[in-house]
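Residue numbering for the sequence shown follows numbering that gives the first Met the number 0, beginning at 0 and increasing consecutively.
Each residue gets a CB set at the ideal place from its N, CA and C atoms; glycine is no exception.
I have placed the structure first, in the form of structure tokens, so that the comments after it can refer back to it.
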Amino acid sequence: MVADDLKENVPLQKEAKVSMAPTELKPWPEFIQKRIDMWDRLMAEYKAEIAQKKPTPIKITLPDGKQFDAEAWRTTPLQIAEKISKGLAENTVIAKVNGDVWDLDRPFEGDATLQLLKFDDDEAKQVFWHSSAHILGEAMERYCGGHLCYGPPIEEGFYYDMWHDNLTISQDDFQNLDQIVKCAIKDKQPFERLEMTKEDLLEMFKYNEFKVRIIKEKINTPKTTVYRCGPLIDLCRGPHVRHTGKIKAMQITKASSSYWEGKADAESLQRVYGISFPDPKQLKEWQKFQEEAAKRDHRKLGRDQELFFFNPLSPGSAFWYPKGAHIYNTLVNFIRKEYRKRGFTEVITPNMYNSRLWETSGHWQHYAEDMFRFEVEKEQFGLKPMNCPGHCLMYSHQPRTHNELPIRYADFGVLHRNEMSGALTGLIRVRRFQQDDAHIFCRRDQIWEEIKVTVHCCFCTLAEQHGASRG
């Protein structure tokens with residue numbers, strides 16, 4: 000993505016300007032400038048404090064054992080990288096100091112080991128995408144003035160949640176957001192780190208009820224970190240890339256609704272997803288892969304070949320057409336055959352249980368929100384999300400002797416899990432499903448052998464399906 004079609008520059012602070020896109024709010028929400036004013040004051044105090052620290056000699060050790068002389072509170076990982084090579088410094092996403100990811104521009108505080116991570120490292124990817132989430136959050140604030148919530152990296156990309164009292168972000172808004180993203184990238188806004196007290200945090204974010212909740216409920220230390228890029232200032236542990244210009248290619252991919260902290264009875268939020276890369280070629284490759292994957296999407300194949308479908312009157316629960324049911328039953332029968340070879344016996348257990356069982360198993364205390372619960376004759380019941388407690392009841396229903404062990408139960412019973420509607424994804428994330436579930440009751444001296452039997456069963460099952468050797 001190339002940052003072009005940019006409009007006027009407007010002052011952000013004395014030492015920086017920000018490019019404005021025609022699609023953003025004018026003026027920005029009042030809370031943005033108030034945040035900046037408070038940041039400038041606290042950052043000036045922090046810099047004065049750092050300037051007073053004595054720059055003592057330290058040693059920085061690379062993974063190959065090579066050492067560099069440096070100064071505590073003055074030398075940064077970036078400076079060490081530049082001593083090695085300019086190319087390395089340019090391509091490094093993040094540093095790792097004494098085993099912890101570390102901003103490239105953050106000074107060392109003492110003797111340290113140093114690793115320099117590029118985008119192909121998993122930790123570096125997460126940092127890169129986290130920084131991209133901040134750019135997206137900045138664009139969302141500048142576009143509609145919403146209150147930001149969480150903006151983490153995920154397995155492939157990132158998202159930002161935002162609350163707005165009367166706006167729903169859709170695909171029609173992506174181009175407008177993208178123009179602001181381009182502005183932020185073009186400006187090469189530095190990511191700056193600052194530690195703030197809880198009192199200052201509550202003052203800075205008092206306009207945002209969600210940030211206030213996070214500060215009050217989840218921050219238990221005297222100070223915590225915030226990061227700034229351009230006009231965005233957000234609670235964040237970091238670290239981040241050096242500046243927004245490091246994000247060479249970024250695409251907003253989708254928008255959906257979510258709930259505050261995933262709770263269905265909490266506020267409804269707007270969630271916007273994105274993906275980014277340090278090279279535009281990587282984005283093009285990703286886009287091509289997505290196009291090919293869409294052609295093979297099981298949801299499309301299921302619909303086109305009349306195997307299964309979903310209906311909003313029963314979200315997350317598949318309707319199987321005759322051809323789909325035939326495939327389904329063929330798979331079940333295959334698993335049954337594999338189970339029988341290994342001494343498993345199939346059982347059938349109830350779908351719902353009194354809450355007393357779930358309290359015993361711990362589900363009621365730790366998993367209740369993800370279960371379907373209801374009242375029957377003034378007692379609480381729940382549909383089973385897994386078979387474990389039912390199999391334990393079956394095992395304990397009558398006296399057992401050690402000579403009976405191992406006992407291997409297999410169950411194809413229907414399970415229900417109260418997944419959030421926004422998380423439902425074809426047959427991958429559902430509310431109603433069946434699984435080849437089994438539980439083994441054995442003596443301590445039988446554990447290792449049972450593990451081997453189970454692992455071998457899994458291998459043979461996968462090998463059969465993919466035509467590999469069943470050795």
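### Message
The alpha helix (DSSP H) that contains PHE531, what's its start and end?
### Response
Any question about residue 531 goes unanswered here, given that the chain covers just 0 to 470.
### Task
Classify GLY64 as buried or exposed, calling it buried when 16 or more other Cβ atoms lie within 10 Å of its own Cβ.
exposed
### Burial state of PRO221 (16 or more Cβ within 10 Å)
exposed
### Message
Could you give the first and the last residue of the continuous beta strand (DSSP E) run that contains ASP160?
### Response
156-162
### Reference ASP146; option with closest CA among GLU48, ASN165, LYS124 and PRO384
Checking the sequence, you will find His at residue 146 rather than Asp. Closest option to HIS146, Cα to Cα, is ASN165.
### Query
Whose CA, out of TYR158, GLN125 and LEU193, lies closest to the CA of LYS253?
TYR158
### Task
Pull up the distance between the alpha-carbon of ILE274 and that of ILE251, whole angstroms please.
7 Å
### Query
Going by alpha carbons, who is nearest to ALA69 out of ARG141, HIS297, PRO54 and GLU198?
PRO54
### Task
Please report how far the alpha carbon of ASN353 lies from the alpha carbon of GLN379, in whole angstroms.
6 Å
### Task
Confirm, please, whether the CB-CB distance from LEU268 to TRP162 is below 7 Å.
yes
### Query
By Cβ distance, which residues of its chain are closer than 8 Å to LYS6, with the 5 residues on each side in sequence left out?
Unreliable positioning characterises LYS6 in this predicted model, as indicated by a pLDDT of 38, which lies under 50. The coordinate reading is nonetheless provided below. Cβ neighbours of LYS6 beyond the five flanking positions: SER18, MET19, ALA20 and PRO21.
### Task
Assign CYS459 to one of three DSSP states: helix, strand, or coil.
helix
### Query
From the DSSP output, which residues share a beta bridge with ASP540?
Past the edges of the chain, shown from 0 to 470, lies residue 540, and the structure says nothing about it.
### Message
So the candidates are GLU305, VAL429 and ASN402; which of them puts its Cα closest to the Cα of MET419?
### Response
VAL429
### Task
Taking LYS131 and MET249 to be in contact with their CB atoms under 8 Å, please state how far apart those CB atoms are, rounded to whole angstroms.
Checking the displayed sequence, the identity of residue 131 turns out to be Ser instead of Lys. Right, the Cβ-Cβ distance comes to about 6 Å (below 8 Å), so this counts as a contact.
### Message
Do MET37 and MET203 have their beta-carbon atoms positioned less than 7 Å apart in this structure?
### Response
yes
### Message
Using only the alpha-carbon positions, how far apart do LYS384 and MET370 sit?
### Response
Residue 384 is actually Pro in this sequence, not Lys. Approximately 7 Å, taken between the alpha carbons.
### Query
For MET195, which three-state DSSP category applies?
strand
### Message
What does DSSP give as the partner residue(s) for TRP318 in the beta ladder?
### Response
Per the sequence shown, residue 318 should be read as Phe rather than Trp. Answer is PHE308, bridged to PHE318.
### Residues near GLY389 in its chain [Cβ-Cβ closer than 6 Å; skip 5 each side]
THR348
### Query
Hey, out of GLN170, GLN78 and LEU382, whose CA is closest to HIS362's CA?
LEU382
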